[in-house]
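Enquirer: Its first residue numbered 32, the sequence shown is counted upward by one per residue in this note's numbering.
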Amino acid sequence: MSTSQTAVHANKMAWWREAKFGMFIHWGLYSIPAGQWKGKEIPGIGEWIMKRAQIPIAEYEQLAAQFNPVKFNAREWAEVAKNAGMKYIVITAKHHDGFCMYHSKVSKYNIVDATPFGRDPMKELAEECAKAGLKLCFYYSQTQDWYEKDAVGNNWDYPDDAEKDFDRYLQEKVKPQLKELLTQYGPVGLIWFDTPMTMTESQSQDLAEYVTSLQPDCIVNGRVGNGHGDYVCLGDNETPATALHADWETCATLNHTWAFKKNDHHWKSPDTIIRLLSDIIGKGGTYLLNVGPTAEGVIPEPSVNVLNEVGRWLAVNEEAIRGTTANLFETEFEWGTITFKPGKVYLHLFEWPKGEFALHGLKNRVNRAYLLAAPQQDLAFEQSYDDATGTNTLSVTLPADAPGQYTAVLALDIDGTAEVDNTLMQLADRKIVLHGHHAEIHQQSGSQIGLSRAGVITNWTDASDWLSWEFKVIQPGRFQVEVISMAEKARDALGEHIGRWEGGHELMLEAAGQQLNCVMEEHERIVNSRSLYFNRIRSKCGEISIDQPGDYSLQLQTVKLNSEMELGLKLISVNLIPV
């Protein structure tokens with residue numbers, strides 16, 4: 032981008048970068064069956080029921096005659112989002128089933144013309160969002176449309192791909208409907224595209240440019256496809272292992288499904304959602320959290336209850352979320368995360384430390400330490416510098432008890448803009464964490480090993496590839512070595528989440544003049560706020576001894592990869608745990 036283009040882009044993205052937290056809403060005809068069809072539970076997420084059950088259009092479209100969400104109240108929806116501390120709403124104007132949740136003149140298959148409800152909820156929501164100070168944004172499925180022969184996805188009504196003309200669908204339905212959405216509802220914050228699939232690079236570019244031609248300030252998400260769009264969308268419910276050097280977003284569910292599914296009661300706790308919010312913001316992202324209203328138009332009470340708790344937490348800790356920048360330390364801390372503002376450091380403590388909190392590597396002078404939940408009470412702290420190891424250490428004395436039941440935020444007033452030492456070093460709790468994104472990858476010609484956009488070593492299928500790290504030890508001793516790998520996000524035949532993982536890889540590790548050989552086994556499955564869907568697997572590999580402080584290296588290579596594996600070795604980190 033030129034300097035002028037960069038300035039225009041930054042101006043367009045300003046509200047979104049400040050917002051950090053938005054509400055996703057999946058609502059449509061699929062909210063009526065709510066996961067069941069003809070008396071049978073249909074596996075998978077609720078809004079995909081037409082596809083999962085291979086329901087013919089002639090049967091599925093009859094749902095429209097039943098759709099009458101008489102309890103829908105746009106003002107109440109806007110209040111739920113606002114009370115949660117959200118700043119924008121993204122709602123399904125058209126999902127993959129092809130049904131329009133607004134009054135479209137392009138297709139009679141819409142909520143005004145085809146249902147007894149006869150109202151345009153998008154118009155009502157636009158009015159209430161404006162009153163509440165929320166940005167209204169639209170989800171639009173540009174590639175999959177199971178109602179249209181020329182679109183992607185319906186191979187049971189339209190099995191002959193040779194008869195399909197995808198570009199005709201783009202020109203005759205997608206672009207005219209985008210024009211309706213971008214000219215009839217006032218300013219639109221963003222268009223949220225999905226599943227680009229067969230879209231070509233030129234089609235993605237054309238669609239992104241078309242949106243901008245209609246509303247220059249409207250943001251386009253990355254799922255328009257082929258590297259276009261204004262920001263990166265990670266996978267559903269995916270959080271990275273490190274801060275990403277780009278605008279990015281995680282869209283996530285409150286239970287396991289997006290649309291309302293009557294038998295999915297797996298609601299995440301307020302504590303989990305708050306940790307996810309802190310973690311995502313600490314890695315420079317934006318959190319788009321979903322609710323799935325019922326066919327009557329009601330946001331389920333468990334969703335509202337969770338969001339209200341999150342809102343109460345945000346009311347106290349908002350300055351550590353809104354308008355902050357990502358963690359400057361290139362480390363995923365087990366205890367939580369860090370956000371920054373000029374002159375400020377915010378330490379988000381997932382677990383309450385016992386007596387003292389310590390951190391290596393903050394270079395700035397600290398003038399004051401306090402909890403955002405108790406801003407009038409100064410906390411005692413000490414800063415020190417160790418000449419022998421070149422290490423800055425901050426220690427803060429904390430109260431015996433946490434100030435609330437959820438993540439507490441420790442605030443530091445500092446001189447100037449924060450500076451940190453990103454030397455790969457031992458943490459203050461004596462653990463040594465060697466993340467995959469810190470590794471030097473020694474790649475053989477033709478191999479596919481690399482770093483995913485989420486900071487995970489992936490496609491490690493060639494045993495001749497290897498990794499190495501250089502790191503600093505501050506407090507020597509004996510360490511248990513463990514390898515943390517990632518399980519594949521997967522579901523079983525009933526649609527329940529399973530984290531598929533394949534072990535059996537033989538590894539050799541060298542560090543401090545010692546060598547360890549081990550076979551990767553699942554000694555522990557780590558399922559927490561960061562790994563609910565992409566579970567982490569702990570494999571123990573023995574012990575090593577490090578006798579002196581100083582600089583060390585560690586090499587990791589595969590002696591033999593499991594020849595029966597399909598997923599490859601996905602490495603998050605190598606950890607040295609003091610014993």
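Glycine included, every Cβ here is placed at the ideal spot set by N, Cα and C.
Confirm, please, whether the CB-CB distance from residue 325 to residue 291 is below 7 Å.
Expert: It is a contact, given that the beta carbons lie within the stated cut-off.
Enquirer: With 16 as the cutoff for other CB atoms within 10 Å, does residue 306 come out buried or exposed?
Expert: Residue 306 comes out buried.
Enquirer: Can you list, in chain order, the residues of its chain whose CB lies under 6 Å from that of residue 115, leaving out five sequence neighbours each side?
Expert: 338, 341 and 342.
Enquirer: Mind checking residue 90: buried by the 16 CB within 10 Å criterion, or exposed?
Expert: By the neighbour-count rule (16 or more Cβ atoms within 10 Å), residue 90 is not buried but exposed.
Enquirer: Expressed to the nearest angstrom, what Euclidean distance is found between the alpha-carbon atoms of residue 206 and residue 332?
Expert: So the alpha carbons of these two residues sit roughly 36 Å apart.
Enquirer: Just the Cα atoms here: how many angstroms apart are residue 97 and residue 319?
Expert: The straight-line gap from Cα to Cα measures roughly 30 Å.
Enquirer: Looking only at its chain, what residues have a beta carbon closer than 6 Å to the beta carbon of residue 163, apart from the 5 residues adjacent to it on each side?
Expert: Cβ within range, chain order: 109 and 113.
Enquirer: Could you pull the DSSP bridge partners for residue 282 from this structure?
Expert: Residue 282 is bridged to 319.
Enquirer: Is residue 484 helix, strand or coil by DSSP?
Expert: In this structure, residue 484 counts as coil in the three-state DSSP scheme.
Enquirer: Going by CA-CA distance only, name the one from 279, 494 and 80 that's closest to residue 479.
Expert: It is 494 whose Cα lies nearest to the Cα of residue 479.
Enquirer: Counting only the same chain and skipping the five closest in sequence on each side, list residues whose C-beta sits under 6 Å from that of residue 415.
Expert: So the list reads 424, once near-sequence residues are dropped.
Enquirer: At which residue ranges does the stretch 368–414 contain complete beta strand (DSSP E) runs of 3 or more residues, listed in the order of the chain?
Expert: Qualifying beta strand (DSSP E) stretches, in chain order: 375–380, 387–391 and 397–402.
Enquirer: Should residue 276 be labelled buried (16 or more other beta-carbon atoms within 10 Å of its own) or exposed?
Expert: Flag for residue 276 reads exposed.
Enquirer: Looking at C-beta atoms only, is the number of pairs between the stretch 278–298 and the stretch 59–70 that lie closer than 8 Å three or more?
Expert: Yes: the two stretches touch, three or more of their Cβ pairs being nearer than 8 Å.
Enquirer: Let me confirm a value: residue 37 is counted as buried when at least 16 other C-beta atoms fall within 10 Å, else exposed. Which label applies?
Expert: Looking at its Cβ environment, which holds fewer than 16 other Cβ atoms inside 10 Å, residue 37 is exposed.
Enquirer: Can you give the beta carbon distance from residue 584 to residue 497, rounded, assuming they're within the 8 Å contact cut?
Expert: At roughly 12 Å, the Cβ-Cβ gap does not stay under 8 Å, so residue 584 and residue 497 are not in contact.
Enquirer: DSSP has residue 68 in a bridge; who is on the other side?
Expert: 71, per the DSSP bridge assignment.
Enquirer: Thinking residue 294 and residue 284 are a contact (beta carbons under 8 Å), I'd like their distance in whole angstroms, please.
Expert: With a Cβ gap of about 15 Å, residue 294 and residue 284 do not count as contacting.
Enquirer: Secondary structure at residue 241, three-state DSSP: helix, strand or coil?
Expert: Three-state result, residue 241: helix.
Enquirer: Determine whether the beta carbon atoms of residue 134 and residue 172 lie at a separation below 7 Å.
Expert: Contact: no.
Enquirer: For the alpha helix (DSSP H) containing residue 80, name the first residue and the last one.
Expert: Per DSSP, residue 80 belongs to the alpha helix (DSSP H) from 80–83.
Enquirer: Between the alpha carbons of residue 524 and residue 74, how many angstroms are there, rounded?
Expert: Because residue 524 sits at a pLDDT of 44, beneath the cut-off of 50, its placement in the model cannot be relied upon, and the following sentence gives the value as read from the coordinates. For residue 524 and residue 74, the distance between alpha carbons rounds to 7 Å.
Enquirer: Confirm, please, whether the CB-CB distance from residue 507 to residue 575 is below 7 Å.
Expert: Contact: no.
Enquirer: Measure the alpha-carbon distance for residue 92 versus residue 86 and round it to whole angstroms.
Expert: If I take the Cα positions, the gap works out to 10 Å.
Enquirer: Take the Cβ of residue 591 as the centre, count every other Cβ of all protein chains shown within 10 Å, and call the residue buried at 16 or more, exposed below.
Expert: Label assigned to residue 591: exposed.
Enquirer: State the Cα-Cα distance for the pair residue 380 and residue 138, rounded to the nearest angstrom.
Expert: Cα to Cα, the separation comes out at about 51 Å.
Enquirer: DSSP three-state call for residue 230: helix, strand or coil?
Expert: Coil, per DSSP.
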